[in-house]
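Here's the structure, in structure tokens; my notes come after.
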Amino acid sequence: MWRKWLPWKYVFRKLALYHGFADPITVLSHIRRFSQPAEVNEPIELLRAGVVFHARGLINGRVIQHNMDWIWPYWINRQFNPQNEAFIPGAVSFSHVNLSGRNWTAVGVPDYANYPIVDPRGLVTPFWDGWSIDAWFITDKGEIIAPCQMQDVEQTLDMSDGLSIITRFQTADIQFQNKTQADWIEEKLVCRIQYSCTSKSPAKLAISLRPYNPEGISFIHNIIFSKENISWKIDNKRDILLDKAPHKHLVSDYHHGDVSLKKEDEKENEKIECSVGMATAAAIYDLQPGVEFNINAVIPLNGKKNNISQINYFAKGSGDDLWKWSLKQYCKLNLPWGNIQYVYDAAIRSVILHSPGEVYPGPFTYKRFWFRDAALILNAIISAGMIKRAEKIIDGFFAKQTAFGYFHSQEGEWDSNGQVLWIINKYCQLTAAKPKNEWLQPVIKGAKWIIRKRISTGQNTPTAGLLPAGFSAEHLGPSDFYYWDDFWAAAGLYAAAQMLEGTQYSSDAKHFHDQAEDMTASIEKSLLLCHQRIGRPAIPASPHRRLDSGAVGSLAACFPTELFNASDERVKDTAEYLMQNCIVKDCFYHEISHSGVNPYLTLHLAQVLMRAGDIRFVNLVKGIAALASPTAQWPEAANPRIGTGCMGDGQHIWASAEWIMMIINSFVLEEDKKLIIGKGVFPDWLKQGTKFSIGPVSTSFGPVNINFSCDEKISVNWQGQWFAVEPKIEIAVPGYKNITSAAGKNNIELEAI
Numbered sequence: 005m006w007r008k009w010l011p012w013k014y015v016f017r018k019l020a021l022y023h024g025f026a027d028p029i030t031v032l033s034h035i036r037r038f039s040q041p042a043e044v045n046e047p048i049e050l051l052r053a054g055v056v057f058h059a060r061g062l063i064n065g066r067v068i069q070h071n072m073d074w075i076w077p078y079w080i081n082r083q084f085n086p087q088n089e090a091f092i093p094g095a096v097s098f099s100h101v102n103l104s105g106r107n108w109t110a111v112g113v114p115d116y117a118n119y120p121i122v123d124p125r126g127l128v129t130p131f132w133d134g135w136s137i138d139a140w141f142i143t144d145k146g147e148i149i150a151p152c153q154m155q156d157v158e159q160t161l162d163m164s165d166g167l168s169i170i171t172r173f174q175t176a177d178i179q180f181q182n183k184t185q186a187d188w189i190e191e192k193l194v195c196r197i198q199y200s201c202t203s204k205s206p207a208k209l210a211i212s213l214r215p216y217n218p219e220g221i222s223f224i225h226n227i228i229f230s231k232e233n234i235s236w237k238i239d240n241k242r243d244i245l246l247d248k249a250p251h252k253h254l255v256s257d258y259h260h261g262d263v264s265l266k267k268e269d270e271k272e273n274e275k276i277e278c279s280v281g282m283a284t285a286a287a288i289y290d291l292q293p294g295v296e297f298n299i300n301a302v303i304p305l306n307g308k309k310n311n312i313s314q315i316n317y318f319a320k321g322s323g324d325d326l327w328k329w330s331l332k333q334y335c336k337l338n339l340p341w342g343n344i345q346y347v348y349d350a351a352i353r354s355v356i357l358h359s360p361g362e363v364y365p366g367p368f369t370y371k372r373f374w375f376r377d378a379a380l381i382l383n384a385i386i387s388a389g390m391i392k393r394a395e396k397i398i399d400g401f402f403a404k405q406t407a408f409g410y411f412h413s414q415e416g417e418w419d420s421n422g423q424v425l426w427i428i429n430k431y432c433q434l435t436a437a438k439p440k441n442e443w444l445q446p447v448i449k450g451a452k453w454i455i456r457k458r459i460s461t462g463q464n465t466p467t468a469g470l471l472p473a474g475f476s477a478e479h480l481g482p483s484d485f486y487y488w489d490d491f492w493a494a495a496g497l498y499a500a501a502q503m504l505e506g507t508q509y510s511s512d513a514k515h516f517h518d519q520a521e522d523m524t525a526s527i528e529k530s531l532l533l534c535h536q537r538i539g540r541p542a543i544p545a546s547p548h549r550r551l552d553s554g555a556v557g558s559l560a561a562c563f564p565t566e567l568f569n570a571s572d573e574r575v576k577d578t579a580e581y582l583m584q585n586c587i588v589k590d591c592f593y594h595e596i597s598h599s600g601v602n603p604y605l606t607l608h609l610a611q612v613l614m615r616a617g618d619i620r621f622v623n624l625v626k627g628i629a630a631l632a633s634p635t636a637q638w639p640e641a642a643n644p645r646i647g648t649g650c651m652g653d654g655q656h657i658w659a660s661a662e663w664i665m666m667i668i669n670s671f672v673l674e675e676d677k678k679l680i681i682g683k684g685v686f687p688d689w690l691k692q693g694t695k696f697s698i699g700p701v702s703t704s705f706g707p708v709n710i711n712f713s714c715d716e717k718i719s720v721n722w723q724g725q726w727f728a729v730e731p732k733i734e735i736a737v738p739g740y741k742n743i744t745s746a747a748g749k750n751n752i753e754l755e756a757i
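Quick note: our numbering has the sequence shown finishing at residue 757, numbered continuously throughout.
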């Protein structure tokens with residue numbers, strides 16, 4: 005406690021000035037003047053992550069630029085190449101980080117949180133934030149042909165046998181394939197890499213250990229190769245097993261350069277120590293002309309010390325069975341149009357893979373928990389019918405709730421309580437289930453936290469009755485009174501009231517409903533003042549902001565919370581502002597923080613337009629489909645010029661979840677206590693001779709399957725397993741007359757307008 009009494013600001017100021025530095029206290033004070041005063045200026049979790057991120061960037065800056073003769077990952081070969089469109093000058097950059105190729109894809113098996121990732125050229129990183137494995141060819145003339153240095157490389161996500169990533173390239177002489185997947189062998193989780201290649205001329209294949217990953221340098225200090233086990237031991241900790249002994253094994257340290265620079269007549273060595281942490285090794289195999297060569301590498305992922313000679317790591321495992329079991333019950337899409345089916349199927353597997361008990365919004369940069377991301381990903385999991393998975397995740401929420409009721413994943417962000425209450429209620433609605441008894445007290449505590457957190461309504465200010473200023477949950481800008489937080493808080497209070505109706509806590513239900521109404525009234529009053537201030541009904545990010553791309557957060561009033569209808573002039577004008585000012589190549593461009601086009605926020609905008617009957621939503625959905633990587637993934641944000649990742653995780657699971665919701669809601673959505681079918685069906689899908697379907701979709705009325713058949717006439721058929729009475733059903737396909745179905749009917753023929 006005595007440390008709190010020390011004059012730290014005075015000490016730091018004096019030290020800085022004495023050594024000729026600018027006064028850090030004054031600089032920090034000026035920076036904070038751009039924000040609204042807040043309890044928490046910067047969440048410690050983000051500061052910690054930022055320090056780690058840029059610490060690597062500083063290391064990258066010390067290593068990469070004067071060692072360009074090394075074989076580097078694909079993103080470095082582009083970002084550091086002045087002839088490439090992804091080139092970024094680094095002269096005065098504080099750190100050299102990946103800003104041009106944040107794209108990767110995870111493999112794994114359901115319910116295990118081990119995610120080997122593969123970059124767009126087949127570089128495999130088996131462990132979180134660890135070293136990698138790569139492969140290249142050496143021709144008989146000594147030329148190196150490496151996928152990471154090539155433009156024309158094909159990559160696909162193979163979902164036919166579990167989940168694997170296949171990387172291929174072909175030259176005049178060489179054919180090459182790398183298949184990477186995770187498997188479960190004798191109760192051991194492994195990463196398996198299968199290399200297959202053919203060369204018309206004499207050549208060599210090198211399988212190499214690399215001290216980096218898609219973020220940059222990841223140290224290797226020690227490598228030992230065992231001829232007996234045909235395996236590597238890395239840093240006395242991790243093993244890699246090969247099923248064929250190499251014809252030669254080479255190693256190198258930082259001071260002797262990359263192992264790729266070693267000459268063919270270089271003396272073999274089985275181990276290497278590198279004090280810098282840039283050790284490399286290569287297992288080299290001779291290729292006979294015209295003869296296919298196959299080599300398997302297997303990496304145990306458990307983290308336990310294994311006697312590697314006791315297990316046949318090259319046997320067929322049960323990973324495929326685990327995938328089949330996890331995919332037994334989910335909402336299936338049958339849509340033979342473009343890449344929508346492929347991307348949807350990949351998105352389903354992404355949300356399954358990244359929800360092994362708690363939800364991760366990414367396998368690498370974002371492999372940590374946020375309530376915000378978890379709630380929106382759960383929305384897709386529940387809607388797609390994966391109910392047991394959702395229940396298990398919700399059960400895990402309450403351990404993260406503080407004694408005061410705050411659902412805490414990051415300090416200073418006020419949206420989480422509303423989101424947790426909203427998604428628990430969504431689960432109850434879509435399953436026709438009462439909340440579990442053990443959920444009720446956390447729900448009450450969470451709602452009371454929101455009520456206590458609100459600013460007094462007695463103030464005559466635009467923020468009266470809202471939540472206090474907080475660090476932006478969605479990269480909307482400096483700390484402010486964000487409407488995003490308020491919409492979620494109001495939705496959470498309504499949700500808590502609904503869940504408690506008919507329980508012994510009915511008085512709490514009424515109190516929470518009254519508070520939700522009161523908070524909604526405060527929001528309405530604040531929005532009216534905004535309208536008067538900016539001269540139009542659009543909703544800015546906060547009561548103090550003008551319109552900018554941060555207004556996208558205010559669309560939460562319509563989707564997903566459904567507090568406001570899509571026909572509300574404030575929602576429509578917000579969407580119109582964004583469409584007129586923030587669309588680049590049919591995607592939403594977020595100029596704040598992201599500096600890129602954002603898939604999941606684009607899909608939020610598309611959801612609002614679709615609900616409003618604005619056909620422009622189609623272009624946005626097509627834009628996001630086109631932005632998907634060859635493995636059907638998106639980064640959090642992408643460079644609008646070249647389409648590759650520039651921010652966040654290279655595989656953003658929230659984006660996958662929003663794709664699932666976009667496709668599901670295109671077929672069926674709930675509004676005004678009825679089901680609306682076909683509101684997001686593309687005109688392109690309705691060509692004669694086509695058939696497409698989806699289901700079962702979870703709705704609050706019960707699961708429903710929907711089928712479209714396009715012959716001489718277009719017919720829509722639906723089959724519901726209703727919880728109670730059949731709901732009112734409306735068919736609202738763009739370009740066709742809206743039809744309200746008669747009770748008991750389950751088939752309609754469309755009539756053109």
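A virtual CB, placed ideally from N, CA and C, is assigned to each residue, including glycine. Since we're looking at a predicted model, the values are computed, not measured.
- Between Ala286 and the set Ile752, Ala210, Ile170, Asn602, the nearest pair of CA atoms involves Ala210.
- Shortest Cα-Cα distance from Lys252 to any of Ile710, Ala630, Asn273, Met665 involves Asn273.
- When C-beta atoms of the segment 237-245 are compared with those of the segment 258-266, fewer than three pairs fall below 8 Å, so the two segments do not count as touching.
- Judged by DSSP in its simplified three-state form, Ile448 adopts helix.
- For Trp132, the three-state secondary structure derived from DSSP is coil.
- DSSP places Trp638 in the coil class of the three-state scheme, outside both helix and strand.
- Across the structure, Gly481 and Glu417 are spaced so that their CA atoms are roughly 13 Å apart.
- The DSSP-derived three-state label of Ile299 is strand.
- Classified as exposed, Pro293 has fewer than 16 neighbouring CB atoms from the shown chains inside 10 Å of its CB.
- Runs of alpha helix (DSSP H) with 4 or more residues, each lying fully within the segment 493-562, are found at 510-538, listed in chain order.
- Around the beta-carbon of Val424, 16 or more other beta-carbon atoms lie within 10 Å, marking it buried.
- Nearest in C-alpha terms to Lys717, of all of Ile698, Ser702, Leu690, is Leu690.
- DSSP assignment within the segment 358-426 yields the following whole alpha helix (DSSP H) runs of 4 residues or more, N-terminal first: 375-387, 391-399.
- With contacts defined as CB atoms closer than 8 Å, Ile667 and Ile733 fail to qualify as a contacting pair.
- Using a Cβ-Cβ distance cut-off of 8 Å, the segment 351-370 and the segment 656-665 are in contact, since at least three pairs of beta carbons, one from each stretch, lie closer than that value.
- For Met614, the three-state secondary structure derived from DSSP is helix.
- CA-to-CA, the gap between Val737 and Asp349 works out to about 24 Å.
- In the three-state reduction of the DSSP assignment, Pro687 falls in the helix class, which pools H, G and I.
- Residue state for Trp329 is assigned as helix, using DSSP reduced to three classes.
- Straight-line measurement puts the Cα of Leu193 at about 6 Å from the Cα of Asn306.
- Here the alpha carbon of Glu662 sits roughly 45 Å from the alpha carbon of Lys208.
- Annotated three-state conformation of Arg353 is helix, per DSSP.
- With contacts defined as CB atoms closer than 8 Å, Tyr199 and Ile299 qualify as a contacting pair.
- Note that the C-beta distance between Ile224 and Ala301 is not below 8 Å.
- Contact between the segment 68-76 and the segment 636-646 is absent: fewer than 3 CB-CB pairs across the two stretches fall below 8 Å.
- For the segment 204-278, the continuous beta strand (DSSP E) assignments of 3+ residues that do not extend past its boundaries occur at 207-214, 226-230, 235-238, 242-246, 252-256, 275-277, in sequence order.
- Put simply, the segment 620-628 touches the segment 597-611. At least three CB pairs are less than 8 Å apart.
- Annotated three-state conformation of Phe141 is strand, per DSSP.
- DSSP places Ile288 inside the beta strand (DSSP E), whose first and last residues are 284-291.
- In the DSSP assignment, Gly699 forms a beta bridge with Lys336.
- Look at Pro304 here: in three-state DSSP terms it is strand.
- Per DSSP, reduced to three states, the secondary structure at Asn441 is helical.
- For Ser719, no alpha helix (DSSP H) run applies; the uninterrupted beta strand (DSSP E) run containing it begins and ends at 718-724, by DSSP.
- The residues Phe141, Ile149, Cys201, Thr202, Ser203, Lys204, Ala207, in chain order, have a CB closer than 8 Å to that of Ile178 in the same chain once the five nearest residues on each side in sequence are set aside.
- In this structure, the CA atom of Asn464 is about 13 Å from the CA atom of Pro547.
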